[in-house]
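Single-structure report; data block below.
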Amino acid sequence: MTHVALYARYSSDNQREASIEDQLRLCRELAARERWTVVGTYADAAISGSSIIRRPDIQRLLADAQSGQFEIVLTEALDRLSRDQEDVAGLFKRLRFAGVRIVTLSEGAVDELHVGLKGTMNALFLRDLAAKIRRGQSGRILNGYNAGGLSYGYRVVKKLDERGERIRGLREIDEDQAEVVRRIFREFAAGQSARRIAAGLNREGIPSPFGGAWAASTINGNLKRRSGFLYNEAYIGLLVFNRIQMRKDPETGRRISRPNLPETWQVVEVPHLRIIDDELWDAVQARKKLYGGMKLHHRRRPKHMFSGLVRCGCCGASYTVKNRDQLACAAHREKGTCTNNRTIRVGELEKRVLEGIQRRLLAPDAIAGFLAEYHAEHKRLNAMNRERQREVERRHAGMPASTGRSLTSSMPSLKVSRRPA
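Sequential numbering of the sequence shown, starting at 8, is according to my numbering.
Right, here's the structure in full:
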């Protein structure tokens, strides 16, 4: 009896969740015709086929294949497994090593020829798809439509064209949010820090762009990527496209943004989206330049022993470097949502923690527990060694002398020190 596993996937770009059931239904029909027994189904919904790293069910399928749960992986087409050349070849290699064949509804039994040709075709498809998407976004920008997400201060306009299709990228000013944007610019131009502005917004209960608390980083943004409130040119009636490019990290499968050269940017004027006047914008940019002289990597602090492990005892936020070697609550500093203003030096923190660890590890109760565990393990290993020795002696009793000597001499010795570690 042949055991088969079914795999289905759909990406979020042009398919829907029912696609999973459609794929599995067709695969079950083929399995029934071939009299195969379906022992498992695996599905990754709304996940791109450009990488297998971040797909939980394809990883589970590989693990089950290694444990011998099935002999065939059945899927609709090879691109359901992956559209990445390296991933397709790797899947084929690992499954073949486990004694598992790949069969698809489109290609039939998959061999090296399919892996080479289809892998190349799928990779070209991904490249062409990305180019078409960018071309469409560029066209929307030229027509004054937004090609990206929804910035704070605006709302989506739902409108149909002459063919009855939705016009994508239409935006209009949300006056309530626009007033918050003007307030941020005015307060920053007047000399307030982004931290103080964020704290004021949080005290008044004004929702942030994502509905939570405001943070200084949300307001400050990043100069190189021109992100954040104070660098958003949409507030002065400019749409900027192609500022960054997204690349997928082959090690993690995560999308990483990389800035493009300014001469490759596409800029279109949209005066109906202006929220900030030029005078206020220039004042803010002039003040931002005062803090832009030192490069970011020169401002980064070296990691210490407990980097990323220290938490605020009041709110649970991270304790991060405030200045030099002092740590402080990030929620208190960045958002003003925590009342804990206590700081501690890195050296003092390390001293307290290490002394506490040493004190606890050398406590009489702890030492007694360590010795009990050591003697129990010592006893277990000795019993295992004796049992192995008896097994060798039993086998030796029923074999010629020369064979017995060979078995005894090849028996690995297990030495355990009697002195506690």
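Built from N, CA and C at the ideal position, the CB exists for glycine as well.
| task | Alpha carbon to alpha carbon, how far is D284 from L297? Give it in angstroms, no decimals. | result | 21 Å
| Continuous beta strand (DSSP E) stretch holding L13: start and end | H10 to Y17
| query | Under 9 Å between the Cβ atoms of L280 and A223? | reply | no
| request: Report the rounded CA-to-CA distance for I60 versus Q66, giving the unit in angstroms. | output: 8 Å
| message | Taking the straight line between their C-alpha atoms, what separation do you get for A50 and Q365? | response | 49 Å
| field | Helix, strand or coil at K329 according to DSSP, with G and I counted as helix | value | strand
| request: Could you spell out where the beta strand (DSSP E) holding P2 opens and where it closes? | output: Outside the displayed span of the chain (8 to 428) sits residue 2, for which this structure offers no information.
| query | When the Cβ atoms of the stretch 171-179 are set against those of the stretch 208-223, are three or more pairs found closer than 8 Å? | reply | no
| message | Quick check on the burial criterion: 16 or more other C-beta atoms within 10 angstroms. Buried or exposed for C321? | response | exposed
| CA nearest to the CA of K166, picked from L136, M253, A390 and E179 | E179
| message | Under DSSP, the beta strand (DSSP E) around L102 begins and ends at which residues? | response | Segment Q92 to F104 is the alpha helix (DSSP H) holding L102; no beta strand (DSSP E) there.
| So, are the CB atoms of E341 and A205 less than 9 Å apart? | yes
| query | Between the C-alpha atoms of Q396 and K386, what's the straight-line distance to the nearest angstrom? | reply | 15 Å
| Option in G363, D332, A324 and V110 with minimal Cα separation from T6 | Because the chain in this structure spans residues 8 to 428, residue 6 falls outside the shown range and cannot be described.
| said: By the three-class DSSP mapping on this structure, what secondary structure does L81 have? | reply: strand
| task | Count the other C-beta atoms from every protein chain shown that fall within 10 angstroms of the C-beta of I143, then say buried if there are 16 or more, exposed otherwise. | result | In the sequence on display, residue 143 carries Gly and not Ile. Exposed, since its Cβ has fewer than 16 Cβ neighbours within 10 Å.
| request: Confirm, please, whether the CB-CB distance from G235 to G343 is below 9 Å. | output: no
| M253 by DSSP, collapsed to three states: which one? | strand
| Identity of the residue in I243, V328 and G315 nearest L287 by Cα | I243
| request: Would you mind working out which of D71, R233 and F99 sits nearest A116, comparing C-alpha positions? | output: F99
| query | Shortest alpha-carbon distance to I191 belongs to which of E169, G315, L177 and W221? | reply | W221
| Simplified DSSP state of A154, which is helix, strand or coil | coil
| said: Does A12 pass the burial test, meaning 16 or more other C-beta atoms within 10 Å, or should it be called exposed? | reply: buried
| query | Can you name, in chain order, every residue of its own chain whose Cβ lies under 8 Å from the Cβ of T350, other than the five neighbours on each side? | reply | K329, Q333, L334 and A335
| Three-state class that DSSP yields for V274 in the structure shown | strand
| query | Whose CA, out of G97, A137, D29 and H10, lies closest to the CA of F77? | reply | H10
| task | Could you name each continuous alpha helix (DSSP H) segment of 4 residues or more that falls completely within the stretch 149-202, going from the start of the chain to the end? | result | 182-196
| Are the stretch 152-169 and the stretch 110-126 in contact at 8 Å, needing three or more beta carbon pairs? | no
| Starting from L280 and walking both ways along the alpha helix (DSSP H), at which residues does that stretch end? | Per DSSP, L280 belongs to no alpha helix (DSSP H) and is neither H nor E.
| When we look at the beta-carbon of T127 and count the other beta-carbons within 10 Å, is it buried (16 or more) or exposed? | exposed
| For A15, is the classification buried or exposed, using 16 other Cβ atoms within 10 angstroms of its Cβ as the cut-off for buried? | buried
| said: Cutting at 6 Å between CB atoms, please list the residues of its own chain near D94, excluding the five before and the five after it. | reply: I59
| field | Simplified DSSP assignment, three categories, for D71 | value | helix
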